[in-house]
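These notes are about the structure you will find just below.
Chains as they are written, first to last, in our numbering: chain A, 1 to 265; chain B, 1 to 45.
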């Protein structure tokens, strides 16, 4: 059977879809690839010219590192894979500068990038609150790398899935116990006893409280092992669509690399 | 090493042998080390 994708919600940053006719191993592969194998840009080195703020230089650098930057996967390559050999060429490095004087709050939008394609994904991430006379002048150097190196390079955040729930009601006596017990309030009494209508089944959390409370064992809760409800969120470096495509591409590349190795044996 | 007296704000040298930690101009005993003007490179992690 061929794999099917049924999109429930799709916005720039997040997506919800049903992946059916796929194995749990593949679903987990997509999840893991989007978390750790899609390279993204993040601030890696910080040259501090002046810092009279209340934060230590290291703390300030850490905060800068965690700011998501918009990335074009076609234009940049991870430092280790770059042809320059770690010498930091424009293909693997982007420089951003920050110069601010108090009193004011410094936001990620105040970072001035040397490359217009690379900007802070959100303009309103607070970096530091400067008081009267405090100053911060620095140059931040962003590198591309993978999520398995450091969490700041994770393009996918809050990626997860659950199996498609299957709830069946047989010989229901309409006592209404399961209706009151359900924490998601998705069960209601229909013409043929208790039922879950339409897309409400997607809200089921497989807690099985309805089955345990039913005195005549009319409710059975199970899951479809070949079908998954996926939720994916991007940190803003890519649109969620690009993120899933890139995750799929990395899985494909790895599989073909494995094939090449096995063939050469 | 340049230090700064927190009371008279003057740059002072510390004389370890004779006066110890004390401002030679005003006698104040709280001195702070100024931030060097060099560029500091830090790993963001």
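C-beta: ideal position from N, C-alpha, C; glycine also.
Return helix, strand or coil for residue i, following the three-state DSSP convention.
i              : result
residue 44(B)  : coil
residue 185(A) : coil
residue 260(A) : helix
residue 168(A) : strand
residue 73(A)  : coil
residue 220(A) : strand
residue 85(A)  : coil
residue 180(A) : helix
residue 124(A) : coil
Using the beta-carbon of each residue, which ones in chain B are nearer than 7 Å to residue i?
i             : result
residue 64(A) : 44
residue 57(A) : 40 and 42
Cα-Cα, which of the options is closest to residue i?
i              : options                          : result
residue 89(A)  : 76(A), 140(A), 68(A) and 198(A)  : 76(A)
residue 239(A) : 83(A), 60(A) and 68(A)           : 68(A)
residue 123(A) : 235(A), 85(A), 210(A) and 136(A) : 235(A)
Could you tell me which chain B residues have their CB closer than 8 Å to the CB of residue i, listed as they occur along the chain?
i              : result
residue 150(A) : 45
Find the residues of chain A that neighbour residue i, judging by a C-beta separation of less than 9 Å, and give them in chain order.
i             : result
residue 9(B)  : By Cβ distance, chain A contributes nothing, its closest Cβ being about 14 Å from residue 9(B), past 9 Å.
residue 21(B) : Correct list: empty, because the minimum Cβ distance to chain A is about 24 Å.
Could you tell me which chain B residues have their CB closer than 9 Å to the CB of residue i, listed as they occur along the chain?
i             : result
residue 61(A) : 42, 43, 44 and 45
residue 44(A) : 43, 44 and 45
residue 47(A) : 39, 40, 41 and 42
From what residue to what residue does the beta strand (DSSP E) around residue i run?
i              : result
residue 95(A)  : 93-101
residue 14(A)  : 14-20
residue 145(A) : 135-145
residue 47(B)  : Examination of residue 47(B) is not possible in this model, given that chain B is present from 1 through 45 alone.
Say whether the segment 219-227 of chain A touches the segment 55-75 of chain A, bearing in mind that this needs 3 or more beta-carbon pairs closer than 8 Å, one atom from each stretch. no
Taking contact to mean at least 3 C-beta pairs separated by less than 8 Å, is the segment 25-34 of chain A in contact with the segment 4-15 of chain A? no
Would you call the segment 30-49 of chain A and the segment 147-160 of chain A in contact, with 3 or more CB pairs under 8 Å?
yes
Q: Tell me, please, whether the segment 123-138 of chain A touches the segment 104-111 of chain A by the rule of three or more beta-carbon pairs shorter than 8 Å.
A: yes
Counting pairs of beta carbons, one from the segment 67-83 of chain A and one from the segment 91-101 of chain A, are three or more of them closer than 8 Å?
yes
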